[in-house]
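Chemist: Residues in the sequence shown are numbered from 118 upward in steps of one, following our numbering.
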Amino acid sequence: MPPMDSRGILKQGLIDRNPGFVQLLGLCPLLAVSTSVVNALGLGLATIAVLMASNAIAAVAGPRVPREVRLAVFVMVIAAAVTSVELAMAAWWPGLHAALGIFLPLIVTNCLVLARAESFASREPVHRALLDGLAMGLGFLLVLLALGASRELIGRGSLGADLDLLFGERFAGSGWHVFPEAHGWLLALLPPGAFILLGLMLALGNARAAARRSAAAAADAAPAGVAS
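1. Report the option in Ser-151, Trp-302, Val-192 whose CA atom is closest to the CA atom of Gly-265.
2. If you reduce the DSSP assignment to three classes, tell me which class Ser-346 lands in.
3. Please classify Ala-320: is it buried, with 16 or more other beta-carbons within 10 angstroms of its beta-carbon, or exposed?
4. Counting Cβ pairs closer than 8 Å, one from the segment 245-257 and one from the segment 168-175, do we hit at least three?
5. Is the Cβ-Cβ distance between Leu-142 and Asn-227 less than 9 Å?
6. Ordered along the chain, which non-local residues of its own chain (more than five positions away) have a Cβ less than 7 Å from that of Leu-303?
7. On a Cα-Cα basis, can you pick out the residue from Arg-287, Ile-313, Gly-274 that is closest to Ala-299?
8. From the DSSP output, in three-state form, read off Trp-210 for me.
9. Can you name, in chain order, every residue of its own chain whose Cβ lies under 8 Å from the Cβ of Val-375, other than the five neighbours on each side?
10. Report all residues from its chain with a CB closer than 6 Å to the CB of Ala-239; omit the five preceding and five following residues, and keep chain order.
11. Tell me the rounded alpha-carbon separation between His-294 and Leu-221.
12. Could you say if the segment 248-260 and the segment 159-168 meet the contact criterion of at least three C-beta pairs nearer than 8 Å?
13. Report the rounded CA-to-CA distance for Pro-308 versus Ala-334, giving the unit in angstroms.
14. Mind checking whether Ser-291 and Leu-280 have CB atoms under 9 Å apart?
15. Grab the span of the alpha helix (DSSP H) containing Ile-271 for me, first residue to last.
16. Is the beta carbon of Pro-146 closer than 9 Å to that of Leu-223?
Structure follows, in structure tokens:
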């Protein structure tokens with residue numbers, strides 16, 4: 118098969134092989150941290166940074182590393198990238214770093230990062246590896262934002278209420294407040310609520326995909342029916 122162009126790489130990461138909705142990778146931090154828009158945005162951006170850094174290094178070093186130790190080398194590279202991102206976040210965004218907690222260093226165990234380094238980046242030039250890391254990271258970020266926005270809105274009655282954790286004190290008290298937090302549905306902020314909401318999102322996505330397939334099949338069958 119010919120190699121994918123840039124549009125194909127982006128489409129795979131965002132839609133066809135979306136890490137959260139299609140491959141279902143990284144579900145532990147996705148379900149645990151996505152209690153708000155800001156938490157989701159912080160973890161998503163950190164994951165993008167780790168993916169792009171590890172993919173770039175894998176593209177450069179992968180062909181030169183013996184196959185027997187390649188996975189171990191990639192794990193060390195990913196751990197170094199995660200540590201760098203965590204230290205940067207602790208220095209510049211301490212509030213967000215504290216909110217993400219243990220799930221920030223746990224990016225090391227995210228199967229998505231190691232899988233992209235081994236299955237794609239190590240076999241591609243640096244620019245394509247970087248684009249793949251960006252595409253897969255954005256796909257993961259979109260799922261995080263969708264889940265985080267839903268949980269914050271249902272559970273707290275707000276959207277982006279903690280933007281100051283990421284953008285500074287001038288954003289304190291910003292965001293949209295739809296109804297008082299006391300009237301929120303607590304289940305949405307707990308892990309069972311995250312499972313329920315993600316399941317509903319997956320069901321909706323599968324239903325739409327099935328409807329598109331049915332419409333395409335009907336369109337393909339229509340000319341044969343008219344000809345007969």
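Note that the Cβ used here is the ideal one computed from N, Cα and C, for glycine as well.
Modeler: In this structure, then:
1. Considering only alpha carbons, the answer is Ser-151.
2. The displayed coordinates of the chain run from 118 to 345. Any statement about residue 346 would go beyond what the structure contains.
3. Burial call: exposed.
4. At 8 Å Cβ cutoff, the stretches touch.
5. Judged by beta-carbon spacing, Asn-227 lies within the 9 Å limit of Leu-142, meaning their Cβ atoms are closer than that value.
6. Once the five neighbours on either side are set aside, the close Cβ partners of Leu-303 are Gly-272.
7. Of the listed residues, the one whose Cα sits closest to Ala-299 is Gly-274.
8. When secondary structure is reduced to three states using DSSP, Trp-210 falls in the coil class, being assigned neither helix nor strand.
9. There is no way to answer for residue 375, as the model of the chain reaches only from 118 to 345.
10. Here the sequence assigns Ser to residue 239, which means Ala is not the residue at that position. Result list for Ser-239: Ala-175, Gly-179, in chain order.
11. A direct Cα-to-Cα measurement between His-294 and Leu-221 gives close to 28 Å.
12. Verdict: yes, contact present.
13. Counting only the Cα atoms, Ala-334 lies some 39 Å from Pro-308.
14. Contact flag set, yes.
15. Residues 243-273.
16. Yes, Cβ-Cβ distance for Leu-223 and Pro-146 is below 9 Å.
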